[in-house]
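See below for the structure under consideration.
Structure representation (structure tokens):
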């Protein structure tokens, strides 16, 4: 079925692998970035505030666009020595951008305590110039004074659902988690979620290929049409006016980006005049020529295409400062026509293409965002999620893997930066050499990069929801990790339902021992239960109850958000084919399909619940080791004085070992909750919600509110991490068993993200034969219906930890041909020997 | 002895001990298995599941799997997990257990492997090494990964201990696998009856064959047995046409002399030029497991061989026209 004409000739593959991405130029730029201290950047927020004061009284959509334009047109710009790809979000090598208006109280608190948290690092201190600090405090004080006195989302929630509803929220009972479910969210100007509702824009292929002028012309023509038809004459409907202002905002936003690029062109020309080095002079002249042309027009070559992508990504990032999950998209598809043409014309070498791509990579990484959310409350600490997607099958069954797919992996491997993350759309007919290249890069890179997504499943899920084949096949990875159509937007992260908490409430008849409140239904005293069936019934009843509340919450939240916050012209521009004629952004219904804005519900803790039920069945009902009452006592004491019971609970059968007893419990819990959560249509679109069981760190935040559980977990500790992860250290049967447990039932079907994390020691990937085995493992994972798999390759660090904490690492194996043993069983001197071997492995 | 061991009967004859594995009640063939390792990628091609059988007639000084030697189940203790609570001492009716700062000690003469200490220990310090299993029980585990075998060109490997030490079980299990098209590897040191081997070979796709030393006398010093039977069985395998990889544990000061390597290469190349030779460098990683079984490891001071020595040995073997690899 798959046409595989995409296989790379051996010679070209070899040439790509021999590309030196880290040229002297990029080494120097990377070194400068590494050596630079992170600095808080205030110009952006000051420009926003300035603009907002100037536009008082104008429609909010237009005010938003004008503020965006000012930020681009008046911010300081700079072009670093030796740069090829330009455009910086801040004026610092490592600048932390912040938009005070969105969260003035938190910024003020940070500014006054002098403690600045960055999103991209564990180092919490970021430098700020004393003068800038003064300006920042002034700015924050201004916004605190001018903030609406009430939070419109929460007022609406109170009106519709009552005060008690807040007990379920993030800051209290934590039945629901997410940024849209806070008691006291400290919103600033717009209180739902910045200005953007659920979605987040990103550069799209039509915009890059056709240029922003094309978009501007379409918007102008649409306005002309409205004028001709009298749609925006006085007395016309509010909807027409809103459309008119959105179109105007679109034009303002697009023109601002072009003007910003022209500022770079001017700067490059000025520098070229002064430049003495003839080589650099020529480069600067080239940069000027490139920035004169893109992103306004269709790129004329590969360089311009890369630069255009940079400008548009930066623009989306800038607009979405508080939610910087801006994807990069299908980079191998976006750039390929230009790459191919340039190579054919002899205007570009693979080496040059690799360096330009590397330069782009470095620009992505130089941005850090100052976030005000407290570290422990963050969904995805340590990342800005500029996801890159590679490969994929198109609607004609053609494999779109191309030379650039190879080159992107090579860039990722050599440049060794934690971001962007790369996602490969894997399919059955994937070229074996490409797969080995990808796994080799994964091994050399270390962390789970690239990761693999099931191409067919991704497409089929959209086909099943009525999306046309040409659009259903055009999807990309986003966030951490979901995916969306290119004709839609990334939607994740608004609401999560905390299954482990709901199970805990079930154990206490709906009562929450932590907040001392009756949060759930009274579903019965579990000490009187005589079978597991009663637990299921009680749990699903609670689940159903909370699912309905969540749906109401979602409706109220989104409607008040839509009423009160601006539509973004930039977002309309990125989806111009649909949003311009509709005069609506995706959020309001401008996108091609309703599914583009169907809600995403985070769903966490299913494997924890399965292990809990398994422990109860195994220990209470089958082997009568203790009663349910005794178990509850031990849990209430957080196991203190009940170590025996805890150990039995820990040793009870666990999900992840291909043990049908637990896996059947897991399947039932997972599939039934899936039915409950997707059974209620999203009130805005009538679509089934999509479930999100991604890899973000919500397991840490949600775990904090959950007491001890029957699986042996202690109170407050993290839940199991990703969608199908086993309890840490409890999957002792190896990778095939874990995959089998995760894929016995169709857990992935209704999800927009379900992450399967696996850890592998580097030693298991040291030869081509071993990599081929891993490729075979991936193949079976997908054949069994898995969606997303990623391998974290660990080396000596893991072993050092195991040496210190043998209990948590008792399943770490040491394998030498014909020999196998657990690492923790080795005497210390031999453990050191193994660690040394791991350290010195040469590839 | 009582307990799970009761299912086994030891039969001796012609100096070649073997375990007759007929189950006592059901008439099913039983084997003593101490581990089934899934996603095994060092024991043959592709993704494999390796079945480790317990019991070995040889007694190699450098053995890195001491738990595989004794044909009877035994209890090991993972002292790094031990809280020294002493519950195992209390429940042991045979008074075989003591606990001190270092961890658990079991007097193997007293221990009757009743398993009470294992049940009593919450921390899973104590572990039963070796379980009596039917062919179907083992096979049902193995077939869970059939699709991985197929997609990777892998299969099932049976090793030990010594697979030929439980010939009926090995035969039945490999037959069961091959009947459904699973590729099979026999990993053996060759010390079993030729008739059993001949039968097993019918259902074997690939053999890994250990040779420790060419000199019969030294072989006995190192392993407790002479090598005549082993060399005869090698010839038998080569004649059978089943592909074979010769595995030579390379133990400094024991079997690494130039004479021995030459003799080995000469003998093998005399039988077949097709046979591949793998050198397995000595390592001490089994040491921890000796302590877990309250045994002393004799070669504690012996260090792994140098890369130079290994590549010299490799060159010698290759000079006889044989393909040779040094395992990592």
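Chains as they are written, first to last, in our numbering: chain F, 1 to 843; chain D, 1001 to 1328. The beta carbon of each residue, even a glycine, is placed where N, CA and C say it ideally should be.
Shorter than 8 Å from the beta carbon of residue 1122 of chain D to some beta carbon of chain F? Taking the second chain and counting its residues from 1, the one referred to as residue 1122 of chain D is at position 122. Flagged as an interface residue toward chain F: residue 1122 of chain D, by a C-beta distance shorter than 8 Å.
Do you know how far the Cα of residue 398 of chain F is from the Cα of residue 1 of chain F? The residue labelled residue 1 of chain F in the question sits at position 1 within the first chain. The residue labelled residue 398 of chain F in the question sits at position 398 within the first chain. For residue 1 of chain F, the pLDDT reaches just 39, beneath the cut-off of 50, and the residue's location in the model is therefore unreliable, although a value from the coordinates is still provided. Each residue's Cα considered, the two are about 9 Å apart.
Exposed or buried, what is residue 1084 of chain D when buried is set at 16 or more other beta-carbons lying within 10 Å of its beta-carbon? Residue 1084 of chain D sits at position 84 when you count from the first residue of the second chain. Exposed.
State yes or no: is the beta carbon of residue 516 of chain F nearer than 8 Å to at least one beta carbon in chain D? Against the first chain, residue 516 of chain F aligns to sequence position 516. No, residue 516 of chain F lies away from the interface with chain D (no Cβ there is under 8 Å from its Cβ).
If we call anything under 8 Å between Cβ atoms a contact, is residue 1252 of chain D one with residue 1305 of chain D? Along the second chain, read from residue 1 onward, the residue named residue 1252 of chain D stands at position 252. Along the second chain, read from residue 1 onward, the residue named residue 1305 of chain D stands at position 305. Yes. Within cutoff.
Neighbour flag for residue 808 of chain F against chain D, beta carbons, 8 Å: For this step, residue 808 of chain F is matched to residue 808 along the first chain. Under the 8 Å criterion on CB atoms, residue 808 of chain F is classed as non-interfacial with respect to chain D.
Quick one: residues in its chain with C-beta nearer than 7 Å to the C-beta of residue 182 of chain F, no 5 flanking neighbours on either side, listed in chain order? Working through the first chain from its first residue, we reach residue 182 of chain F at position 182. Excluding positions up to five away in sequence, the list reads 169, 170, 171.
Cross-chain neighbours of residue 824 of chain F in chain D, by beta carbon under 8 Å: Reading the first chain from its first residue, position 824 is the one you call residue 824 of chain F. Neighbours of residue 824 of chain F on chain D, chain order: 1078, 1080, 1081.
Using the Cβ count rule (16 or more neighbours within 10 Å means buried), how would you classify residue 164 of chain F? Residue 164 of chain F sits at position 164 when you count from the first residue of the first chain. Burial call: exposed.
Using the Cβ count rule (16 or more neighbours within 10 Å means buried), how would you classify residue 379 of chain F? Stepping through the first chain from its first residue, residue 379 of chain F is reached at position 379. Any reading at residue 379 of chain F must be qualified, since the residue scores a pLDDT of 45, below 50, and its modelled position is unreliable; no value is offered.
Between the C-alpha atoms of residue 12 of chain F and residue 791 of chain F, what's the straight-line distance to the nearest angstrom? Taking the first residue of the first chain as position 1, residue 12 of chain F is located at position 12. Taking the first residue of the first chain as position 1, residue 791 of chain F is located at position 791. Those two C-alpha atoms are separated by around 27 Å.
Please state the DSSP three-state secondary structure of residue 749 of chain F. Start at 1 with the first residue of the first chain, and residue 749 of chain F comes out as number 749. Here residue 749 of chain F sits in coil by DSSP.
Pull the bridge partners of residue 517 of chain F from the DSSP assignment, please. Here the question's residue 517 of chain F lines up with position 517 in the first chain. Beta-bridge pairing links residue 517 of chain F to F:512.
Inter-residue Cα distance where the pair is residue 1123 of chain D and residue 1141 of chain D: Taking the second chain and counting its residues from 1, one reaches residue 1123 of chain D at position 123. Taking the second chain and counting its residues from 1, one reaches residue 1141 of chain D at position 141. Looking at the two C-alpha atoms, the distance is approximately 26 Å.
With which residues is residue 1031 of chain D paired in a DSSP beta bridge? As a working note, residue 1031 of chain D is residue 31 in the second chain. In the DSSP output, where bridge partners are listed per residue, residue 1031 of chain D has D:1133.
Where the region 1280-1298 of chain D meets chain F: residues whose CB sits under 7 Å from a CB there: 1280, 1283, 1284, 1285, 1286, 1287, 1288, 1289, 1292
Same chain, Cβ closer than 6 Å to residue 526 of chain F, neighbours up to 5 away in sequence not counted: Reading the first chain from its first residue, position 526 is the one you call residue 526 of chain F. Same-chain partners within the cutoff: 507, 628.
Is residue 522 of chain F buried or exposed, if buried means 16 or more other CB atoms sit within 10 Å of its CB? Within the first chain, the letter at position 522 stands for residue 522 of chain F. Residue 522 of chain F is exposed by the Cβ-count criterion.
Per DSSP, which residues does residue 757 of chain F bridge with? Please list them. By 1-based counting over the first chain, the position of residue 757 of chain F is 757. Bridge partners of residue 757 of chain F: F:790.
Per-residue contacts from residue 1047 of chain D into chain F (C-beta, under 8 Å): Along the second chain, one-based indexing puts residue 1047 of chain D at 47. Simply 736, 773, 776, 777.
At least three beta-carbon pairs within less than 8 Å, the region 1042-1061 of chain D to the region 1262-1269 of chain D: no
Which whole-angstrom value describes the C-beta separation of residue 411 of chain F and residue 312 of chain F, a residue pair presumed to lie in contact below a C-beta threshold of 8 Å? Taking the first residue of the first chain as position 1, residue 411 of chain F is located at position 411. Taking the first residue of the first chain as position 1, residue 312 of chain F is located at position 312. That pair is no contact at about 19 Å.
Residue 190 of chain F and residue 586 of chain F: beta carbons closer than 8 Å? Numbered from its first residue, the first chain carries residue 190 of chain F at position 190. Numbered from its first residue, the first chain carries residue 586 of chain F at position 586. Cβ distance not < 8 Å, so residue 190 of chain F and residue 586 of chain F don't count as in contact.
Taking a contact to mean a Cβ-Cβ separation below 8 Å, would you say residue 1134 of chain D touches residue 1028 of chain D in this structure? Here residue 1134 of chain D corresponds to residue number 134 of the second chain, with the count starting at 1. Here residue 1028 of chain D corresponds to residue number 28 of the second chain, with the count starting at 1. In contact: residue 1134 of chain D and residue 1028 of chain D (Cβ atoms closer than 8 Å).
With 8 Å as the threshold, decide whether the Cβ of residue 783 of chain F is near any Cβ in chain D. The residue you call residue 783 of chain F lines up with position 783 of the first chain. So, interface residue.
Roughly how many whole angstroms lie between the Cα atoms of residue 794 of chain F and residue 774 of chain F? Against the first chain, residue 794 of chain F aligns to sequence position 794. Against the first chain, residue 774 of chain F aligns to sequence position 774. About 15 Å.
Between the Cα of residue 1241 of chain D and those of D:1206, D:1213, D:1232, spot the shortest distance and give me the residue it belongs to. Taking the second chain and counting its residues from 1, one reaches residue 1241 of chain D at position 241. Nearest option by C-alpha distance: D:1206.
Using a beta-carbon distance below 8 Å, is residue 654 of chain F in contact with chain D? Reading the first chain from its first residue, position 654 is the one you call residue 654 of chain F. No, no contact with chain D.
Spatial neighbours of residue 1092 of chain D within its chain, please: C-beta separation below 7 Å, excluding the five flanking residues on both sides. Reading the second chain from its first residue, position 92 is the one you call residue 1092 of chain D. Taken in chain order, the residues that qualify are 1116, 1117.
What does the Cβ neighbour count give for residue 1179 of chain D, buried or exposed, with the cut at 16 atoms within 10 Å? On the second chain, position 179 is the one that residue 1179 of chain D refers to. When all chains shown are included, residue 1179 of chain D counts as exposed.
Contact list for residue 189 of chain F against chain D, beta-carbon separation under 8 Å: By 1-based counting over the first chain, the position of residue 189 of chain F is 189. Within 8 Å Cβ-Cβ: nothing; residue 189 of chain F doesn't reach chain D, min ~53 Å.
Looking only at its chain, what residues have a beta carbon closer than 6 Å to the beta carbon of residue 469 of chain F, apart from the 5 residues adjacent to it on each side? As a position in the first chain, residue 469 of chain F is number 469, starting the count at 1. Counting only Cβ-Cβ distances below 6 Å, and skipping sequence neighbours, we find 395.
Is there at least one Cβ from chain D nearer than 8 Å to residue 761 of chain F's Cβ? Within the first chain, the letter at position 761 stands for residue 761 of chain F. It does not: the Cβ of residue 761 of chain F has no partner Cβ on chain D nearer than 8 Å.
If you pair each beta-carbon of the region 669-678 of chain F with each one of the region 440-452 of chain F, do three or more pairs fall below 8 Å? Here the region 669-678 of chain F makes no contact with the region 440-452 of chain F; the two share fewer than three CB pairs at distances below 8 Å.
Looking only at its own chain, which residues have a Cβ that is under 7 Å from the Cβ of residue 1040 of chain D, when we skip the five neighbours before and after it? Indexing the second chain from 1 puts residue 1040 of chain D at position 40. Once the five neighbours on either side are set aside, the close Cβ partners of residue 1040 of chain D are 1048, 1049, 1050, 1157.
Could you tell me whether any Cβ in chain D is nearer than 8 Å to the Cβ of residue 780 of chain F? If you number the first chain from 1, residue 780 of chain F lands on position 780. True, the Cβ-Cβ gap to chain D drops below 8 Å.
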